[in-house]
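K.L.:
Number of protein chains: 2
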Amino acid sequence: MKATFTLRDNSPGLTDTPGFRAAGVACDIREKGDPRRDLAMVVSTLPCSCAGVFTTHDLPAAPVRVCREILARGHAVHGFVANSGNANACTGAGGMDHAWEMVRLASNAAEVPQDTMLVCSTGRIGRAMPMSKVTQGIQLSTTKLGTDANNGTDAAWAILTSDTRPKTATVTFVVDGKTVTVAGMAKGAGMIQPNMATMLAFVTTDVAVSADVLKGILKKAVEPTFNALTVDGDMSTNDTVLVFANGASGVNVTQGTAVYDNFTTALTMVCENLAKKIVKDGEKVTKCIELTVKGARTTTDAERVARAVANSLLVKSSWFGNDPNWGRLADAAGYVGANIIEERLDIFYNTTSALIGGVAQDKLIPEWKAIVSQAEFSITLNLNLGESQFRLLTTDLTEGYVNYNKSE
Amino acid sequence: MKATFTLRDNSPGLTDTPGFRAAGVACDIREKGDPRRDLAMVVSTLPCSCAGVFTTHDLPAAPVRVCREILARGHAVHGFVANSGNANACTGAGGMDHAWEMVRLASNAAEVPQDTMLVCSTGRIGRAMPMSKVTQGIQLSTTKLGTDANNGTDAAWAILTSDTRPKTATVTFVVDGKTVTVAGMAKGAGMIQPNMATMLAFVTTDVAVSADVLKGILKKAVEPTFNALTVDGDMSTNDTVLVFANGASGVNVTQGTAVYDNFTTALTMVCENLAKKIVKDGEKVTKCIELTVKGARTTTDAERVARAVANSLLVKSSWFGNDPNWGRLADAAGYVGANIIEERLDIFYNTTSALIGGVAQDKLIPEWKAIVSQAEFSITLNLNLGESQFRLLTTDLTEGYVNYNKSE
Chain A
1 MKATFTLRDN SPGLTDTPGF RAAGVACDIR EKGDPRRDLA MVVSTLPCSC
51 AGVFTTHDLP AAPVRVCREI LARGHAVHGF VANSGNANAC TGAGGMDHAW
101 EMVRLASNAA EVPQDTMLVC STGRIGRAMP MSKVTQGIQL STTKLGTDAN
151 NGTDAAWAIL TSDTRPKTAT VTFVVDGKTV TVAGMAKGAG MIQPNMATML
201 AFVTTDVAVS ADVLKGILKK AVEPTFNALT VDGDMSTNDT VLVFANGASG
251 VNVTQGTAVY DNFTTALTMV CENLAKKIVK DGEKVTKCIE LTVKGARTTT
301 DAERVARAVA NSLLVKSSWF GNDPNWGRLA DAAGYVGANI IEERLDIFYN
351 TTSALIGGVA QDKLIPEWKA IVSQAEFSIT LNLNLGESQF RLLTTDLTEG
401 YVNYNKSE
Chain B
1001 MKATFTLRDN SPGLTDTPGF RAAGVACDIR EKGDPRRDLA MVVSTLPCSC
1051 AGVFTTHDLP AAPVRVCREI LARGHAVHGF VANSGNANAC TGAGGMDHAW
1101 EMVRLASNAA EVPQDTMLVC STGRIGRAMP MSKVTQGIQL STTKLGTDAN
1151 NGTDAAWAIL TSDTRPKTAT VTFVVDGKTV TVAGMAKGAG MIQPNMATML
1201 AFVTTDVAVS ADVLKGILKK AVEPTFNALT VDGDMSTNDT VLVFANGASG
1251 VNVTQGTAVY DNFTTALTMV CENLAKKIVK DGEKVTKCIE LTVKGARTTT
1301 DAERVARAVA NSLLVKSSWF GNDPNWGRLA DAAGYVGANI IEERLDIFYN
1351 TTSALIGGVA QDKLIPEWKA IVSQAEFSIT LNLNLGESQF RLLTTDLTEG
1401 YVNYNKSE
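Structure (structure tokens):
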């Protein structure tokens, strides 16, 4: 039976879930005297099952490698430490040592078994992690860990880089009188000060679930949400989504049950909320566009067309200029080898037709312009070649983006 | 035997080759009272063998389809008509009629057999070609056709869109006392006023060569030149390279001869010269970067890595800002699935090492900065995984580009 879901937008984040303590502190990892919070620690006293999805990058950052290794062991974990300001990527063997050291320091500080704290980093590539700062930050975190709203909020601030605001959401639903909580926080696809877009997202929940089942659910939740957004087309060395389940609600999630479906829905809702926040807070963007390619022969074709359109500089620039330039959309759609056919192509701004069967509906130009001038709108390309589709959240490209990223 | 080649840079272009007449006229194809030249016609009295390479876009513009059809018939041709200001792309059956009509009008006006004049267009997508303007332009061209330097120059101006200057080059070499000429003109990968980057290039030569042999040579010449440049990653519906050979020199080109090799060299030199001019005149760019990826397992891997780096918004923005941000290069190199290995990756700015075996050479930062601050420099990524390589010419991304393209 489908539950009733309650969404708490811009919630305190991870501490909404019973049993999770959080802290977010400032320890100057950027080594520039920057006063902002840059280290988050989140700890469950109860052992958690945990699942993660990670970047498919050839050069995964050291913390990504360490997380994969710990999760591969299959034992329970208790939480994580995450820093902003330094990605610990392209840092070689020394970087691996530092990531493992962060696991040890966090496990000791949280007074949990060794190697039960995961580690995530985001920030500049190719610089050694300043371990004395990190050590201070982890020590300081232990004195701040708590379950209050401000603890969750502090953690949500600490993982940010060029994001302008924290990104949190909580969804709850009730099973047999027991409330299940799924709480999340994320950092965005804006680029860190000199370097790198990194997407980090963390979810806490109080269901009881095996790591294997949790992994399957997480993959389902991530595909149409975090894996279906693009700001600038650059995948990061550090992208990570982690979900921790401590069982405190007493609700068990097993496959083939209504609870399984409801938990999947709740987790997807949290991921969707955070993904949209990431896109809307993309670096110097002014617009959020929901782009759907349908009628493709295969989902792969639909995704390739959608990503080509969403990442075309010409298309993104025209969105910034409120220019409903369907010719640029058609151009991008046609160069990825999906074998689209001009005479079948339909394009819509929201529900207003721009192109039907390859023929421009020019009398509707004023309506196109009005739609593209909004901060949020949708675009649909119907290839009319098959039954497959792909939906992607994306943004415009602004002069501000180039200016912001032209140097450190 | 290898010939001595003479390059005449910024030559008059196509009229350098004996037997070719050219004209470039203004006929207001943009329908905005714009006084600039927008229609070029080039005619050889002698019949020519001709070869073309065209966009691989799913939605080729009508003139591209018409050129392919004429060339497939295998008969000799006499030249071409080309216009800027309207791409005749995404214009359906009406657009095909218009393209064929341009072939007929040009063949009649040039007093050559029907269907022996090719047609090319560049400009806005999705608008009907203003045929009354085109008709006037073709008529006017016939009164202007000539072999003087200014005739070639007029034609070179007439095909431009957002280019800031014409692009021409001529290479000559001598065979048994006979001079062979290979003359070219091109328009650039800047975007036309509202819409589309289109690359058009035309070459005239006076060798005698079969269309099949010419096609093979053209493909060899295009691969490392026009097919190895990117400004913004957007392939156009209209990209076309055509070469016309009228035999006037009395020099025959057949496979397996020294002349074949020398002619291939000369044609490649012309293409290379024009390709570099296109990159350097890319829209609002400030830099031209020669990017080489070597040590790849396959050429495909090398090309994918090179294109990912060259088209990364982060990489391009950092070049604009004189920021030697090798972390962004490494990031882009790692996300295309070429299975690069951090510990083997070398990166060089010109010949100065930035990364050796994954280890940053930070003491050289001042040298990196000095190199990246220049208007032209090279970057080499050595993956150290194999023997394959790919070289690509590319540009930075500027705020000016976004501003220029944000609306029509």
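Chains as they are written, first to last, in our numbering: chain A, 1 to 408; chain B, 1001 to 1408.
Glycine included, C-beta positions come from ideal geometry on N, C-alpha and C.
Since the model is a prediction, treat every value here as computed from it, not as a measurement.
Compile a chain-ordered list of the residues in the segment 1309-1336 of chain B whose CB is closer than 9 Å to at least one CB of chain A.
P.N.:
Under the 9 Å Cβ criterion, the segment 1309-1336 of chain B contributes 1311, 1312, 1313, 1314, 1315, 1316, 1317, 1318, 1319, 1320, 1321, 1322, 1323, 1325, 1326, 1327, 1328, 1330, 1331, 1332, 1333, 1334, 1335 and 1336.
K.L.:
Identify the continuous alpha helix (DSSP H) that holds residue 366 (chain A) and give its terminal residues.
P.N.:
Element bounds for residue 366 (chain A): 365-372.
K.L.:
What is the rounded straight-line gap between the Cα of residue 138 (chain A) and the Cα of residue 39 (chain A)?
P.N.:
Using only the alpha carbons, I get a separation of about 8 Å.
K.L.:
Does any residue of chain A have a CB that is nearer than 8 Å to the CB of residue 1235 (chain B)?
P.N.:
With 8 Å as the cut-off, residue 1235 (chain B) counts as an interface residue toward chain A.
K.L.:
Chain A partners of residue 1338 (chain B), CB-CB under 9 Å?
P.N.:
Going along chain A in sequence order, the residues near residue 1338 (chain B) (Cβ under 9 Å) are 58.
K.L.:
Using a Cβ cut-off of 8 Å (strictly closer), state whether residue 1090 (chain B) contacts chain A.
P.N.:
Taking Cβ atoms only, chain A reaches closer than 8 Å to residue 1090 (chain B), which makes this a yes.
K.L.:
Name the chain A residues whose beta carbon is nearer than 7 Å to that of residue 1360 (chain B)?
P.N.:
Result: 126.
K.L.:
Tell me the DSSP secondary structure of residue 1111 (chain B) in three-state form.
P.N.:
Reduced to three states, the DSSP call for residue 1111 (chain B) is coil.
K.L.:
Using the Cα positions of residue 10 (chain A) and residue 1127 (chain B), report the straight-line distance between them to the nearest angstrom.
P.N.:
Rounded to the nearest angstrom, the two C-alpha atoms are 46 Å apart.
K.L.:
What in chain A is Cβ-close to residue 1407 (chain B), meaning under 9 Å?
P.N.:
By Cβ distance, chain A contributes 317, 318, 320, 321, 322, 323 and 325.
K.L.:
Below 7 Å on C-beta distance, what does residue 1232 (chain B) contact in chain A?
P.N.:
Those within 7 Å of residue 1232 (chain B) in chain A are 313 and 314.
K.L.:
Looking only at DSSP bridge pairs, what is residue 1122 (chain B) linked to?
P.N.:
Per DSSP, B:1084 and B:1086.
K.L.:
For residue 1022 (chain B), which residues from the same chain have a beta carbon less than 6 Å from its beta carbon, with the 5 sequence-adjacent residues on both sides left out?
P.N.:
Closer than 6 Å at the Cβ level, and outside the excluded window around residue 1022 (chain B), lie 1014, 1015, 1042, 1151, 1152 and 1155.
K.L.:
Rounded to whole angstroms, what is the Cα-Cα separation between residue 378 (chain A) and residue 1135 (chain B)?
P.N.:
Straight-line Cα distance between these residues: approximately 41 Å.
K.L.:
Near residue 1348 (chain B), which residues of its chain fall below 6 Å by C-beta distance, leaving aside the five closest residues on each side in sequence?
P.N.:
Only 1380 meet the Cβ criterion.
K.L.:
Going by DSSP, what residues sit across from residue 376 (chain A) in a beta bridge?
P.N.:
Paired residues: A:288.
K.L.:
Can you find a CB in chain E that lies within less than 8 Å of the CB of residue 1398 (chain B)?
P.N.:
No chain E is present in this structure, whose protein chains are A and B.
K.L.:
Per DSSP, what kind of secondary structure is residue 76 (chain A) in: helix, strand or coil?
P.N.:
Here residue 76 (chain A) sits in coil by DSSP.
K.L.:
Between residue 406 (chain A) and residue 1309 (chain B), what straight-line distance do the alpha-carbon atoms span, to the nearest angstrom?
P.N.:
Going by the C-alpha atoms only, they are around 15 Å apart.
K.L.:
Evaluate contact between the segment 229-238 of chain A and the segment 1312-1327 of chain B, counting only Cβ atoms and requiring at least three cross-stretch pairs below 8 Å.
P.N.:
Yes, the segment 229-238 of chain A touches the segment 1312-1327 of chain B.
K.L.:
By the DSSP assignment, the beta strand (DSSP E) with residue 1185 (chain B) in it spans what residues?
P.N.:
Unbroken beta strand (DSSP E) run through residue 1185 (chain B): 1178-1187.
K.L.:
Would DSSP call residue 1117 (chain B) helix, strand or coil?
P.N.:
Three-state DSSP puts residue 1117 (chain B) in a strand.
K.L.:
By Cβ distance, which residues of its chain are closer than 6 Å to residue 18 (chain A), with the 5 residues on each side in sequence left out?
P.N.:
Closer than 6 Å at Cβ, skipping near neighbours: 206 and 248.
K.L.:
Does the beta-carbon of residue 88 (chain A) have 16 or more other beta-carbons within 10 angstroms, so that it is buried, or is it exposed?
P.N.:
By the 10 Å Cβ count, residue 88 (chain A) comes out buried.
K.L.:
Nearest-angstrom Cα distance between residue 1228 (chain B) and residue 37 (chain A)?
P.N.:
For residue 1228 (chain B) and residue 37 (chain A), the distance between alpha carbons rounds to 45 Å.
K.L.:
Out of B:1370, B:1045, B:1005 and B:1064, which has the shortest C-alpha to C-alpha gap to residue 1322 (chain B)?
P.N.:
When each option's Cα is compared against that of residue 1322 (chain B), the closest is B:1370.
K.L.:
Considering only residues of the segment 1299-1373 of chain B, which uninterrupted alpha helix (DSSP H) runs meet the minimum length of 4 residues and lie entirely inside it, listed in chain order?
P.N.:
Segments of the alpha helix (DSSP H) lying fully in the segment 1299-1373 of chain B: 1299-1311, 1313-1320, 1326-1334 and 1365-1372.
K.L.:
Roughly how many angstroms separate the alpha carbons of residue 355 (chain A) and residue 345 (chain A), rounded to a whole number?
P.N.:
Rounded to the nearest angstrom, the two C-alpha atoms are 7 Å apart.
K.L.:
Leaving out five residues before and five after residue 1030 (chain B) in sequence, what residues of the same chain have Cβ atoms less than 6 Å from its Cβ?
P.N.:
Excluding residues within five positions, the ones whose Cβ falls inside 6 Å are 1085.
K.L.:
So what does residue 1146 (chain B) bridge to, in DSSP terms?
P.N.:
B:1022.
K.L.:
Going by DSSP, what residue range makes up the alpha helix (DSSP H) through residue 2 (chain A)?
P.N.:
From DSSP, residue 2 (chain A) is part of no alpha helix (DSSP H); its letter is neither H nor E.
K.L.:
Consider the Cβ of residue 262 (chain A): report whether some Cβ of chain B lies at a distance smaller than 8 Å.
P.N.:
It does not: the Cβ of residue 262 (chain A) has no partner Cβ on chain B nearer than 8 Å.
K.L.:
Cα-Cα, which of B:1383, B:1243, B:1375 and B:1365 is closest to residue 1338 (chain B)?
P.N.:
Closest option to residue 1338 (chain B), Cα to Cα, is B:1383.
K.L.:
Considering only C-alpha positions, which residue in the set A:385, A:359 and A:393 is nearest to residue 1094 (chain B)?
P.N.:
Nearest C-alpha to residue 1094 (chain B): A:359.
K.L.:
With distances taken from CA atoms, which of B:1286, B:1059, B:1209 and B:1003 is nearest residue 336 (chain A)?
P.N.:
Answer by Cα proximity: B:1059.
K.L.:
Mind checking whether residue 1270 (chain B) and residue 1213 (chain B) have CB atoms under 8 Å apart?
P.N.:
No; because the gap between Cβ atoms is not below 8 Å, this pair is not in contact.
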